[in-house]
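Working notes for the structure below.
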Amino acid sequence: MTDSPITLRIESDSNLTQSALSAYLAEDAAKSRTRLPGPEAEKAIKVFGDSLRNLTDRCDSFLTGNERQVSYLALGKVQSGKTAHLLGTLAWAADSRVLVAVVFTGITGALNDQTHTRLQSNLQSLPGAPVTVLVVPTLKQKDQYSSFVSELQALVLSRKRLGPSQPLPVLVTMKNSARVDAAKQAFLDVLCPLGADEALLAIDDEADQASQNAKARKREAAATYVSLSGIRDLNIRNIWLSYTATPQAVLLAEKAGKIRPDYVVTVPPRMGYFGLEDATSNAFEHQRVEVSDFRTSARALRSTPESLITAIWRFLFVAWVRKSFPQSFYSDSLIPVRSEHRMLSTQMLIHESSMKLDHGRMFQLVQDECNNLEDLVGTIVDGTAPSGMKALLFDGFEEVAVRLAECGTDALELFREFTSPEGQIAFLELLRDVKIMIINSDGTSPTAGEPRPVDDEDYERHRAWILIGGDILGRGITIPQLTVSYFLRSSKKPNFDTVLQQLRFCGYRQDYRKWLSIHAPAMSFTDLAYMNTVDIAVWNRALTWDKNEIRLTGATMPRVFYAASKGARFDPTRISVRDPDLADRTIEKGSIFGLREIFDPRDLRSNLATLRSWHAETQLVESASDAKWVRFDDIAPQSLGRLIVSWNGSKKEEQNLEAVSELFDPALGELGLSETPTVTYISKLLLETWSAPEDLVARVSDVEVTRTVRQGVAGSTWASWLERFNQKLFLSDDRRPTLAVPHVGGGQRALRDRIPYDAVVLVIEPILGLETSRSRASAVSIGIGFAAMSPASFEIRTIGHS
283 MTDSPITLRI
293 ESDSNLTQSA
303 LSAYLAEDAA
313 KSRTRLPGPE
323 AEKAIKVFGD
333 SLRNLTDRCD
343 SFLTGNERQV
353 SYLALGKVQS
363 GKTAHLLGTL
373 AWAADSRVLV
383 AVVFTGITGA
393 LNDQTHTRLQ
403 SNLQSLPGAP
413 VTVLVVPTLK
423 QKDQYSSFVS
433 ELQALVLSRK
443 RLGPSQPLPV
453 LVTMKNSARV
463 DAAKQAFLDV
473 LCPLGADEAL
483 LAIDDEADQA
493 SQNAKARKRE
503 AAATYVSLSG
513 IRDLNIRNIW
523 LSYTATPQAV
533 LLAEKAGKIR
543 PDYVVTVPPR
553 MGYFGLEDAT
563 SNAFEHQRVE
573 VSDFRTSARA
583 LRSTPESLIT
593 AIWRFLFVAW
603 VRKSFPQSFY
613 SDSLIPVRSE
623 HRMLSTQMLI
633 HESSMKLDHG
643 RMFQLVQDEC
653 NNLEDLVGTI
663 VDGTAPSGMK
673 ALLFDGFEEV
683 AVRLAECGTD
693 ALELFREFTS
703 PEGQIAFLEL
713 LRDVKIMIIN
723 SDGTSPTAGE
733 PRPVDDEDYE
743 RHRAWILIGG
753 DILGRGITIP
763 QLTVSYFLRS
773 SKKPNFDTVL
783 QQLRFCGYRQ
793 DYRKWLSIHA
803 PAMSFTDLAY
813 MNTVDIAVWN
823 RALTWDKNEI
833 RLTGATMPRV
843 FYAASKGARF
853 DPTRISVRDP
863 DLADRTIEKG
873 SIFGLREIFD
883 PRDLRSNLAT
893 LRSWHAETQL
903 VESASDAKWV
913 RFDDIAPQSL
923 GRLIVSWNGS
933 KKEEQNLEAV
943 SELFDPALGE
953 LGLSETPTVT
963 YISKLLLETW
973 SAPEDLVARV
983 SDVEVTRTVR
993 QGVAGSTWAS
1003 WLERFNQKLF
1013 LSDDRRPTLA
1023 VPHVGGGQRA
1033 LRDRIPYDAV
1043 VLVIEPILGL
1053 ETSRSRASAV
1063 SIGIGFAAMS
1073 PASFEIRTIG
1083 HS
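Spelled out as structure tokens, the structure:
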């Protein structure tokens, strides 16, 4: 392939020292200052800049280091500005030694178009045009592919010779094997011949969708996953960034997966974000409207459900308020409202199912209702309304205004204007400009072939939009000024990540939050509350992983324990993409943990010392005691967590204990145990001998609890164990016995049964290891048993790779 002519990027004098990233951040900051008052704007600007540098600084370190590849999960919230962060990362890449970037956008043309438009308007339009956006064709599109490769080669060679002053080629492609394979072939043709040290930035947007191996459960490989993995196999250095708000599918993917993230970085929302926590709050109670009359599919309906009519009327009234009284609509804005800086259009979403037939029938129902309203209001305006119809209309909208007033709006005051001749004329103009659109892949739908809205300018073509759809509408599509959501979709065993992505009501909506409403069945609101609990827990865990730069691949992959109410409906992600070797199970028989590798003589010494120092540090006060036990109630959860994580054991059990300790972290919320009462039983024998471990061993006849052990390959005897104990040495792996049966048995459960309330029960006691069951003469070791039992109302689940 011959060299193509080189096109230089000529910058004006004013831009010679301005990097792409600084120019991008300056434009982003200007937008923040139009939306927020001074101090809040500067805070938001700093939050965004810091989160961006948190990632780009690490990418800089990679480029100056020796690693061949690195991958990051960039975790944000649904519709919280992840794309702005993604664009900032590309601006950084334009200033770096990265030669090519590629963005995998999703599986729909709508999302691909939206990303392509934003890349052009937000990056390619910056001073000096620091990027050039190229759409990837398929290999079968031979002429297009040839032109694409020629243009890519010219850009790459120019950037290779002259550095970051030349535009960064940014490839945009949907996630299907045909287009990903075409991108890979282009890299083989253009990038790889330049040498193994050249760098590629690959960004997987909506990374939980399509990228993960959909055949993992069958121990096979899906085509798209194979294609994406193939890019990581190229002999070039690469940075792989996975952007998502729902990381479950990414984190639970195959342990050795090529696109599994090594680390997590968090992308926090900025001020003004309305999220799941807001939607499930007490303050939003009147804006959660229960739907109880939609018990079948839309295609089976003979008439429009009252709940749908209510939602449509509410939306249209709110759209009229936005048009006629922007000061009221944006009453929660932190800066004075200037209408010219605000979107005039408002939107409603109807998400009933993934069935295209349902979408078509829903379109008819909505269209009929809007047409009927338009006809009626038209007769009111021209004075020909049938007797009583005007009062009927006003009574209906007065009920809407009453419900909106309960949310803190001034809707009742505005209703008087609504009923005036001027108000009805404005309302009629609005009704004539309502756009109802189906968003799906059905080429025969009533709106098939019509251009779908992608950016704000597209939405401003109509004053009101009612969008109807399923999978496409519920994934990655931005609905900029959504006010009413009519959400009916559900399943018997939903996947958390799939449902969370469908929540398009999330976004920067605090300025008009009082006018928002969500219409859904009662079960959906229960699910949302549970999902919020999970989302908070996942986010807080990700913050810890981010702050401590915890590696999520290799031998030290973290395992997560969490407490779930029995009967919870949700699975974390679709089962097809999950690693078949993933440990995802409920801990048996009410246990949280029970150590088995407890018989190393040096661990006995160190754990006695740990117990003693922890007791002194925590200043425990006993709640009760008897001849065998001392009981301590309601020890602070952080203190229990410190004891658990400080306990010595095998490397594998220490990793589990570290994960278990997080159950007592208040940040885990309802998915943890920090708010659950605790009862800790410590054997009196341990308390009497913890200052001198030799005394414990000397009193072996007082150790009442015995358990059968599993010997190591080389075996062990009491004499050999005692010798190593006296020498303060470890037992080698081949000689160290382990518990062959669980620590928790009838005696330990009897301790839990003494407690008249739900509690976490910890038991710490000496255990004599026997080679032959019930034969104390066959004793081969002594250790300290450490176990915890869960409260009856919870089940403890563990998820992670073994």
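Under our numbering, the first residue of the sequence shown carries the number 283, and numbering increases by one thereafter.
Even glycine gets a Cβ: it sits at the ideal position worked out from N, Cα and C.
Please read all numbers here as calculations on a predicted model, not as lab measurements.
- Per DSSP, the beta-bridge partners of Tyr545 are Tyr354.
- Between Leu421 and Asp471, the gap from beta carbon to beta carbon reaches 8 Å or more.
- In the same chain as Glu935, and ignoring 5 residues on each side of it, the C-beta atoms closer than 6 Å to its own belong to Leu877, Glu879, in chain order.
- Thr808: member of the alpha helix (DSSP H) spanning 804–829, first to last residue.
- Sequence-distant Cβ neighbours of Glu588 in its own chain, meaning closer than 7 Å and more than five residues away, are Asp575.
- Note that the C-beta distance between Leu968 and Ile1049 is not below 8 Å.
- 8 Å or more divides the Cβ of Leu434 from the Cβ of Leu450.
- For Asn336, the three-state secondary structure derived from DSSP is helix.
- Arg734 and Ile721 do touch by the CB rule: their CB atoms are close to 6 Å apart, below 8 Å.
- One Cα belongs to Asp947, the other to Pro1024, and the distance between them is close to 26 Å.
- Within the same chain, Phe700, Gly705, Ala708, Phe709, Leu712 come within 8 Å of Trp602 by CB-CB distance, once the 5 residues on both sides are set aside.
- Looking at Phe807, Ser895, Ser727, the one whose alpha-carbon comes closest to that of Leu639 is Ser727.
- For Ile1037, the secondary structure class from DSSP, reduced to helix, strand or coil, is coil.
- Excluding the 5 residues flanking it on each side, Pro803 has same chain C-beta neighbours closer than 8 Å at Glu572, Val573, Ser574, Phe576, Leu770, Ser772, in chain order.
- One Cα belongs to Tyr555, the other to Tyr794, and the distance between them is close to 11 Å.
- The residue from Ser973, Trp1000, Tyr545 with its alpha-carbon nearest to that of Arg894 is Ser973.
- Looking at Ser965, Gly951, Leu890, the one whose alpha-carbon comes closest to that of Glu904 is Ser965.
- In the DSSP annotation of this structure, the continuous segment of the beta strand (DSSP E) that includes His633 starts and ends at 628–633.
- Within the region 549–632, the runs of beta strand (DSSP E) at least 3 residues long that lie entirely inside it are, in chain order, 570–572.
- Residue pairing by DSSP places Asn654 in no beta bridge whatsoever.
- Between Asp738 and Leu647, the alpha-carbon positions lie close to 27 Å from each other.
- Contact between Ser907 and Arg913 holds, with the beta-carbon distance rounding to 6 Å and staying under 8 Å.
- Beta-bridge annotation (DSSP): Phe1012 is not paired with any residue.
- Phe645 is not a Cβ neighbour of Thr765, given a cutoff of 8 Å.
- Under the 10 Å beta carbon count, Met671 is surrounded by fewer than 16 other beta carbons and is classified as exposed.
- Between the C-alpha atoms of His633 and Arg685 there is a straight-line separation of about 22 Å.
- Taking C-beta atoms as the reference points, Ile327 and Ala311 count as a pair closer than 8 Å.
- The Cβ neighbour count for Tyr1039, taken over all protein chains shown within 10 Å, is under 16; the residue is labelled exposed.
- Minimum Cα-Cα distance from Leu798 among the listed residues Ala693, Arg714, Asp715 corresponds to Ala693.
- In this structure, Cys788 keeps its C-beta atom at 8 Å or more from the C-beta atom of Gln351.
- The residues Leu950, Gly951, Leu953, in chain order, have a CB closer than 6 Å to that of Ala819 in the same chain once the five nearest residues on each side in sequence are set aside.
- Short of 7 Å from the beta carbon of Gln467, and not among the five residues preceding or following it, lie these beta carbons of its own chain, in chain order: Leu421.
- Per DSSP, reduced to three states, the secondary structure at Leu755 is coil, with no helix or strand assignment.
- Taking all protein chains shown into account, Glu1047 has 16 or more neighbouring C-beta atoms within 10 Å of its C-beta and is therefore buried.
- Taking all protein chains shown into account, His623 has fewer than 16 neighbouring C-beta atoms within 10 Å of its C-beta and is therefore exposed.
- Under DSSP, the beta-bridge partners assigned to Ile964 are Val912, Ile1046.
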